[in-house]
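Visitor: When we follow this note's numbering, the leftmost residue of the sequence shown carries the number 992, and every step to the right adds one. All C-beta atoms, glycine included, are put in the ideal place defined by N, C-alpha and C. Dropping a structure here in structure tokens format, bear with me for questions.
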Amino acid sequence: MIRHDLHLHTPFSNCGKINPEYLEKIYRRVREKGYISSSNLRRLLVDEAVKDYIVNASKLGLKTLGFTDHYNIDTNPSIFDVLREIIKQYNTNNVEILVGTESNVIDEKGKQSVPREIAEKLDFVIAGQHHYQLSYVKKPPSQLDKFIEYCMIDIINTMRNPIVSAIGHPWLRAARYARKYVDPSFTLEQVPLEYFFKTCEYSEKYDKPIQIDYNPEWEKTDGPYKGYQKFLEIALAYNKCKIFYGSDAHRPDHLAMNLIYVNKKLKEYKVDKERIWEPRKPS
């Protein structure tokens, strides 16, 4: 059974969501001053989000959280030091909390947006295969079969990159991109099964764990994630690649959102606990 969530975002990720109640709390804290700087506002929003993540983790029985705010080319690396300070201040619930990043894959050669010197200071780096729409990320082909092939090459070369610890949501977010920019009817059923097997084979070869997620509702619609169950089953049956769970939550109430379904699949496939990746803080 997995008792972690290793792919989480705070308001330090510009796409991180905030609860309107946070604004009310912050207003009460700063109204006497009559103003607040934008940087301090974001810091206070992260305070509230981290507190809620920790409370929710305890309620859900999670043992480990991994914050993975995005590393874009304009990211100020000081946010990770600030995040560690916030965690130290509020983590009184005995939850192990790691600070990593979700790095963008810049091209099919596996180049990353996070610099090596920053990556080495973090607890782990997951590489997210999906932000093809960003201006500094190379655009994949617009022809469907070539797009799918590009994604496979992208995954393999990212696994080869030594600064990458693990692969974030392989195929899932690429499917969402494909639906929007390549083929409006795309589903993961269109990905050749050999590519799913290759993902697992190269995961084993380069010792790069792969993030898994799952919701049975995905298979009941014609959304882009239809067909993901096949990839999940291949990954679980492939006994030599390591796996981890990440919700990709952008707000605390989405923490471990599909973990109950993932754990049911782990039980169904009798996945050995040795295959569950648990990154550890450097000693």
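1) Consult DSSP for Thr-1190 and reduce its assignment to one of helix, strand or coil.
2) Determine the DSSP secondary structure at Leu-1223, reduced to helix, strand or coil.
3) Taking only the alpha-carbon atoms, compute the straight-line gap between Val-1037 and Tyr-1186 and give it to the nearest angstrom.
4) Express the C-alpha separation of Leu-1074 and Gly-969 in angstroms, rounding to a whole number.
5) Determine the closest residue to Ile-1064 out of Ile-1027, Gln-1103 and Phe-1071, with distance taken between C-alpha atoms.
6) Would you report the Cα separation of Arg-1110 and Gly-1119, rounded to the nearest angstrom?
7) Among Ser-1029, Gln-1134 and Ile-1045, which residue has its Cα nearest to the Cα of Arg-1242?
8) Taking only three categories from DSSP, how would you classify Ala-1165?
9) DSSP beta-bridge partners for Val-1116?
10) Would you mind stating whether Pro-1207 and Leu-1089 have Cβ atoms separated by less than 7 Å?
11) Compare the beta carbon distance of His-1121 and Asp-1060 with 7 Å and say whether it is the shorter of the two.
12) What's the C-alpha gap between Tyr-1205 and Glu-1180?
13) Reducing DSSP to helix, strand and coil, say where Thr-1055 ends up.
Guide: In short:
1) helix
2) helix
3) 38 Å
4) Coverage of the chain is limited to positions 992 through 1274, which leaves residue 969 absent and any answer about it impossible.
5) Gln-1103
6) The question names Arg, but residue 1110 is Ala in the sequence shown. Answer to the nearest angstrom: the Cα atoms are 14 Å apart.
7) Ile-1045
8) helix
9) Thr-1092
10) no
11) no
12) 15 Å
13) strand
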